[in-house]
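Asker:
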Amino acid sequence: MRHLSVPSAQTQRWLELCRAHNWSSNEAGVTRLEGGRNALPLNDSAPDATHQVWEGNPHVEVSVQPKEPNHWLKHLDPELTLQFKDFWPRSYEVQGDVLIVKIEREVWDYGETIADAMLTQLPNVRLVCADLGVKGEFRVRDLHPLASRDGTVTTRTRIKENGYLLWVDPSEVYFSSRLSNERRETLETAKRLRARLERPLVVCDPYAGVGPSMGALLNENGLVSGGLVGDLNPQAFTLLEMNIAYLSSRQKDANGNSMPALKPMVVSCQDAQEWAQNADHIATVDLLLVNLPHHSIEHLPGVLPLLKTNQTTVLRGWAIVETASTDIQHDEIHNAIHALGGIIEAFTFKEVKGFSTTKSFMCFEVWLNLPA
Ligand SMILES: C[S@@+](CC[C@H](N)C(=O)[O-])C[C@H]1O[C@@H](n2cnc3c(N)ncnc32)[C@H](O)[C@@H]1O
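Read in the working numbering, the sequence shown has 66 at position 43, and its numbers run on one by one without any break.
1. When you compare each of 112, 57, 63, 35 to residue 47 by their alpha carbons, which one comes out closest?
2. Let me know the beta strand (DSSP E) ranges lying completely inside the stretch 117-156, each 3 residues or longer, listed in chain order.
3. Using the three-state DSSP reduction, which class does residue 364 fall into: helix, strand or coil?
4. Rounded C-beta distance between residue 148 and residue 120? I'm assuming under 8 Å.
5. Closest to residue 156 by C-alpha separation, out of 188, 55, 139, 194, would be which residue?
6. Are residue 236 and residue 261 close, meaning C-beta to C-beta below 8 Å?
7. Report yes or no: is there a C-beta of chain C within less than 8 Å of the C-beta of residue 72?
8. Ignore the nearest five residues each way along the sequence and tell me which others in residue 55's own chain have a CB closer than 7 Å to its CB.
9. CB of residue 193 to nearest heavy atom of ligand 1: below 7 Å?
10. Cβ-heavy atom distance between residue 165 and ligand 1 below 7 Å?
11. Between residue 275 and residue 240, what straight-line distance do the alpha-carbon atoms span, to the nearest angstrom?
12. Name the DSSP bridge partner or partners of residue 181?
13. Alpha carbon to alpha carbon, what distance is there between residue 94 and residue 200?
14. Could you tell me the boundaries of the beta strand (DSSP E) in which residue 396 lies?
15. Measure the alpha-carbon distance for residue 245 versus residue 271 and round it to whole angstroms.
16. Along the chain, where does the alpha helix (DSSP H) containing residue 341 start, and where does it finish?
17. Quick one: is residue 228 buried, meaning 16 or more other Cβ sit within 10 Å of its Cβ, or exposed?
18. From the DSSP output, in three-state form, read off residue 28 for me.
19. Is residue 233 buried or exposed, if buried means 16 or more other CB atoms sit within 10 Å of its CB?
20. Which complete alpha helix (DSSP H) runs does the stretch 34-70 hold, if anything under 4 residues is left out?
21. Quick check: the Cα distance between residue 76 and residue 24, rounded to an integer number of angstroms?
22. Report the residue ranges of all beta strand (DSSP E) runs contained in full by the stretch 187-227; include only those spanning at least 3 residues, in chain order.
23. Please give me, in chain order, every unbroken run of the beta strand (DSSP E) with length at least 3 that falls completely inside the stretch 303-330.
24. Examine ligand 1 and report whether any of its heavy atoms sits within less than 7 Å of the Cβ of residue 266.
25. Taking the straight line between their C-alpha atoms, what separation do you get for residue 144 and residue 35?
26. Which word fits residue 360, buried or exposed, when buried means at least 16 other C-beta atoms lie within 10 angstroms of its C-beta?
27. Apply the 10 Å Cβ neighbour rule to residue 404 and answer buried if 16 or more other Cβ atoms are within range, or exposed otherwise.
28. Checking the sheet assignment: what are the DSSP bridge partners for residue 275?
29. Leaving out five residues on either side along the sequence, give the residues of the same chain with a beta carbon under 6 Å from the beta carbon of residue 257.
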């Protein structure tokens with residue numbers, strides 16, 4: 024293929040010039056030549072080598088390997104691609120080695136073809152599943168396996184988030200990587216509370232799912248001294264136990280030394296509202312997380328008694344609310360705390376950005392002090 028040979032230091036300038044005139048070929052990249060020069064691929068519309076625009080830089084023939092396709096669609100038959108151009112999936116989600124994709128009805132018959140193309144393009148994906156919506160009491164995703172790299176169709180997989188590993192299973196348990204920023208903010212809040220209390224924290228995450236928030240907290244040296252962690256979904260509980268065991272075993276104290284397994288870390292498969300029915304758990308928690316977005320606020324009276332009394336504690340929760348009624352929800356959070364005689368030291372109620380829903384996905388954080 025015809026290339027323009029230029030001194031390497033001028034590569035960018037010539038690339039820009041060729042692109043601006045549509046003279047670049049996108050069938051190859053820049054090739055390094057001997058003698059401190061680079062070769063830029065040209066297409067047929069570029070002027071010939073004698074043209075003064077090249078400022079004396081010669082044209083050379085460089086044999087190029089065809090560029091690897093950079094999109095799964097390029098592994099499909101071009102005619103087919105064109106025929107259904109408005110219906111191919113435009114996005115997908117990957118959890119560990121499982122890819123989840125919504126397939127439009129018009130191309131459903133090509134589900135396996137799509138999945139094969141995705142497996143070809145994405146070497147780290149083992150299983151491609153069609154997302155059929157949500158199912159069951161815990162509203163987890165209904166996934167239909169389309170193609171597997173090694174014949175296995177289990178959706179249990181392991182992801183890495185913010186430096187720690189978590190077992191997840193998108194067809195059994197809720198997990199959203201989109202909330203990893205929220206978990207980072209939970210960590211920052213927890214560090215501020217530790218600084219205020221001058222000691223590690225007891226944390227309660229009673230709607231823990233597979234435990235991603237605990238991952239963020241346990242991964243921080245010397246932050247957590249104990250916890251109450253649970254989920255009502257038995258499948259979530261199985262993965263939660265595995266994740267907490269792994270995270271606890273790696274826990275370090277404030278000096279970075281390994282810590283013995285946390286004695287007071289209770290992991291349970293139960294309704295969040297039941298924790299406070301056990302007298303042993305009442306008034307034991309410094310940081311309480313409430314993540315049941317459609318019901319978080321109405322659940323508050325049942326979980327607030329877990330917070331310690333006569334000291335600063337933090338309640339952090341997430342709620343999906345009608346955008347028009349955020350004031351009402353705001354008041355309900357206040358009321359739940361005032362009903363216990365609590366004093367609110369600081370309150371934030373803000374929308375979580377980037378969450379595409381017609382309603383608002385809100386995060387509330389309350390620094391409070393409950394009386395004994
Ligand atoms: C929105 S998910 C949040 C999971 C996790 N905190 C996260 O951020 O990935 C809510 C979780 O609450 C669990 N759940 C639903 N109702 C519950 C209840 N009454 N008590 C405890 N857990 C419940 C669900 O199984 C689900 O795992």
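Yeah, the Cβ is synthetic: ideal placement off N, Cα and C, and Gly gets one too.
Answerer: So, from the data block:
1. Scanning 112, 57, 63, 35 for the CA closest to the CA of residue 47 turns up 63.
2. If we require 3 residues or more, the beta strand (DSSP E) runs fully inside the stretch 117-156 come out as 121-124.
3. Residue 364 sits in coil when the DSSP states are folded into three classes, being neither helix nor strand.
4. Right, the Cβ-Cβ distance comes to about 6 Å (below 8 Å), so this counts as a contact.
5. Closest option to residue 156, Cα to Cα, is 194.
6. Cβ atoms of residue 236 and residue 261: not closer than 8 Å.
7. In the displayed structure, chain C is absent; only one protein chain is listed.
8. For residue 55, where only same-chain residues beyond five positions count, the Cβ hits under 7 Å are 61.
9. The answer is no for residue 193.
10. False, no ligand heavy atom lies under 7 Å from that Cβ.
11. Each residue's Cα considered, the two are about 11 Å apart.
12. DSSP, once it has assigned bridges, lists 190 as partnering residue 181.
13. Going from the Cα of residue 200 to the Cα of residue 94 covers about 23 Å.
14. As displayed, the chain neither begins before 24 nor continues past 395, which places residue 396 out of reach and without an answer.
15. So the alpha carbons of these two residues sit roughly 11 Å apart.
16. Going by DSSP, residue 341 is part of no alpha helix (DSSP H) but of the beta strand (DSSP E) stretching over 335-344.
17. Answer is buried; the Cβ neighbour count reaches 16.
18. Here residue 28 sits in strand by DSSP.
19. Residue 233 is buried by the Cβ-count criterion.
20. Here the runs fully enclosed are 34-43.
21. Computed Cα separation, rounded: 20 Å.
22. Qualifying beta strand (DSSP E) stretches, in chain order: 187-191.
23. Counting only runs of 3 or more, we get 310-314.
24. Not one heavy atom of ligand 1 sits closer than 7 Å to the Cβ of residue 266.
25. Rounded to the nearest angstrom, the two C-alpha atoms are 29 Å apart.
26. Residue 360 comes out buried.
27. An answer regarding residue 404 cannot be provided, because it is not within the stretch 24 to 395 covered by the chain.
28. In the DSSP assignment, the residues bridged to residue 275 are 281.
29. A distance below 6 Å between beta-carbons, with the five flanking residues on each side excluded, links residue 257 to the following residues of its chain, in chain order: 292.
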